[in-house]
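In what follows, a single structure is set out as structure tokens and then discussed.
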Amino acid sequence: MKRLLFLIISLVFTVSFALSGCGDPDRNSELSEFMSSNEDAYETAFTEETYSFTDFAEYMKTWAKANSVEVAFAGEHSMVLTNKAAEGYKDEPSCVLLCSFNTEDSPSSKAVIATGQTALLGPTEHGDISLAITEKAGTRYTGIDELPTEYLSCDNLINLNTGNNDNILTSGPVSASCKFHNNGEPKQTTYDQAFEITMSMPEYTDPYDFVKENSYPNPIGTIGGFLAGSKSAGKLFDIASFTSEQHKGYTPYYAKAVIVVDSNNIESVKSRFEKSYGNIEEKFEDLEAEFEYTMEETEMPEEVLSDDVADNLISLMYTLNTGVCQQDEESGIIYAASFLKSISTENANLRLDMGIRARGESYLDSLSAEYETTAGLCSTEYDFTNNGRIWTSDIKSSLVTFFTGCVPQQSQAENAVSLRKYENDVIAKALPDQNMIIYTFEKGDRKTVLENITEFLDPSVQK
5 MKRLLFLIIS LVFTVSFALS GCGDPDRNSE LSEFMSSNED AYETAFTEET YSFTDFAEYM
65 KTWAKANSVE VAFAGEHSMV LTNKAAEGYK DEPSCVLLCS FNTEDSPSSK AVIATGQTAL
125 LGPTEHGDIS LAITEKAGTR YTGIDELPTE YLSCDNLINL NTGNNDNILT SGPVSASCKF
185 HNNGEPKQTT YDQAFEITMS MPEYTDPYDF VKENSYPNPI GTIGGFLAGS KSAGKLFDIA
245 SFTSEQHKGY TPYYAKAVIV VDSNNIESVK SRFEKSYGNI EEKFEDLEAE FEYTMEETEM
305 PEEVLSDDVA DNLISLMYTL NTGVCQQDEE SGIIYAASFL KSISTENANL RLDMGIRARG
365 ESYLDSLSAE YETTAGLCST EYDFTNNGRI WTSDIKSSLV TFFTGCVPQQ SQAENAVSLR
425 KYENDVIAKA LPDQNMIIYT FEKGDRKTVL ENITEFLDPS VQK
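Per the numbering used here, the sequence shown runs over residues 5 to 467.
So, in structure tokens, the structure goes:
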């Protein structure tokens, strides 16, 4: 750590000198050079794939000191740097630039962090500007939950992210939750041997991150698919229980089912499980992640699910359309998606909960109608709750009109909304009226991004 800090101090002072000693009257050229210096310093300081947020915070504190920037907040997983309003501009609109540092893939954060650092110091005339940096661990946003809302409340908030193209997101998706359920009376089993089937995996996986390398199997779907496949193959067994565990908003990380198998079908059920295990093992090898998926003998349960409840459960596992549900084949744009959130058979009653996100109400309504039909076919009750749009910006504000004007938008329906999770989802819960956008950009376009932000922060533009 001492060696890292020594390196950081040397690099940061070199970076600050590059800006303060530059006499080029072209401000964009000056800032571009400063951003390149920040990127070089970052790349040299963070040479490995993973670093703790503590190490990163020390780097940023040293950088802030060298550039006369105040560290307004420093937490365990987040920090805020502020550039106070220039003299005579205290009444101008305030802005928060939001970036994330990925502790599971530190190099991937370079373009965003360097852009945020430079934009913080970009304009010569400006209102209050803050750079809020939060920890991201893979797809888990660990830092935004910690950051006090007082440091996020502002006139304009710009969340910076890299992506496959330059785009301005002006709202989150509409979301909904639905439940399939029916009640039944438990029964005694006539079969011979009980088995416990469990699956566990990395705890935090975003169900709406459709990048191939992040596409983790859902434990409920995995076990449910195995049970459905075994039943369709004519294997005789009863289901005693099926439960799951999850962190709110993420794919379940654990599921368990207990079944009681007819003695004549035990070996064939075990054989089918081995095939199921092989398929999951292959997927996790591609993901380079650890998992556990087991089928082991267990104590005989006192009772099992009624035939009706068990059959309905199996039918749902067969029939439900989950994952990417509505997509444009030509463009690849995903309009609606869903995931299995939880399953419970407590007191021999079935309850299966699902989450849905869609770009608009029409896509949400269409998918809900499909699920209502599925519920009828599977003889289960169906409840649907529309939770509304997760977050939205003021489309008439200078923030939206400026950035949608300078960043080409193909169409509002296709590009202004993403199903992915962002920090904005969390911010909107605490600050429902916060005006904000998400600015995604290709790494090669960061100079243009910097110029756009610097121009927007010029008070004359915001009026």
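Just so it is clear, CB atoms sit at the ideal spot from N, CA and C, and this is done for glycine as well. None of these values were measured; they are calculated from a predicted model.
- In chain order, LEU101, LEU102, CYS103, VAL116, THR119, GLY120, TYR443 place their CB closer than 7 Å to the CB of LEU164, counting only its own chain and leaving out the 5 sequence neighbours on each side.
- Straight across, the Cα-Cα distance linking ALA123 with SER245 is about 55 Å.
- When DSSP assignments are scanned along the region 214-294, the uninterrupted stretches of beta strand (DSSP E) that are 3 or more residues long and fall wholly within it turn out to be 241-249, 258-265.
- The C-beta distance from CYS329 to SER346 rounds to 19 Å, too long to fall under 8 Å, and the pair is not in contact.
- Scanning ASP315, GLU278, TYR386, PHE184 for the CA closest to the CA of ALA232 turns up ASP315.
- Secondary structure remark: continuous beta strand (DSSP E) runs of at least 3 residues inside the region 104-134: none found.
- The distance from the Cβ of SER175 to that of VAL421 is about 6 Å, consistent with a contact at the 8 Å cut-off.
- Residue pairing for VAL421: DSSP places it in a beta bridge opposite SER175.
- Around the Cβ of THR194, a 10 Å sphere holds fewer than 16 other Cβ atoms; the residue is exposed.
- GLU52: not part of any beta strand (DSSP E); DSSP gives it neither H nor E.
- Note on LEU173: 16 or more other CB atoms within 10 angstroms of its CB, so buried under the neighbour-count rule.
- A straight line joining the alpha-carbon of THR166 with that of GLY448 spans about 10 Å.
- Restricting attention to VAL178, ILE133, ASP44, the CA atom closest to the CA of LYS425 is found in VAL178.
- One thing to note: LYS260 has its Cβ within 8 Å of the Cβ of GLU200.
- Counting only the Cα atoms, ALA78 lies some 8 Å from ALA61.
- A contact is defined here as three or more CB-CB pairs under 8 Å, and the region 456-465 meets this definition with respect to the region 86-101.
- Leaving aside the five residues that flank PRO412 on each side, none in its chain has a CB nearer than 7 Å to its CB.
- In this model, ILE399 and GLY327 are separated by some 30 Å (Cα to Cα).
- Put simply, of GLU91, THR146, LEU135, ASP109 the residue whose alpha carbon is nearest the alpha carbon of VAL84 is LEU135.
- Cβ neighbours of GLU376 within its own chain (closer than 8 Å, five residues either side excluded): TYR386, PHE388.
- In the DSSP secondary-structure assignment, ASP315 is not bridged to any residue.
- A contact between stretches requires three or more CB pairs, one per stretch, nearer than 8 Å, and the region 149-158 fails this requirement with the region 356-368.
- Per DSSP, ILE399 has no beta-bridge partner at all.
- Residue pairing by DSSP places GLY327 opposite SER342 in a beta bridge.
- Between THR107 and ILE137, the alpha-carbon positions lie close to 12 Å from each other.
- ILE162: member of the beta strand (DSSP E) spanning 160-166, first to last residue.
- Residue range 365-381 is occupied by the alpha helix (DSSP H) that includes GLY380.
- By the C-beta criterion, the region 266-280 is judged not to be in contact with the region 202-216, since fewer than 3 inter-stretch pairs fall below 8 Å.
- ALA49 is classed as buried because its beta carbon has at least 16 other beta carbons within 10 Å across all chains shown.
- Between CYS182 and MET304, the CB-CB gap reaches or exceeds 8 Å.
- Of the candidates ALA180, GLY253, ASN171, GLU285, the residue whose Cα lies closest to the Cα of GLY392 is ALA180.
- Between GLU374 and the set GLU43, ASP429, THR86, PHE184, the nearest pair of CA atoms involves PHE184.
- Annotation: ASP159 to GLN438 spans about 8 Å, alpha carbon to alpha carbon.
- For LEU454, the enclosing alpha helix (DSSP H) covers residues 450-460.
- Under a 10 Å Cβ-count criterion, LYS433 is classified as exposed, with fewer than 16 other Cβ atoms of the shown protein chains found around its own Cβ.
- Cα atoms of ASN428 and ILE133: separation of roughly 18 Å, rounded to the nearest angstrom.
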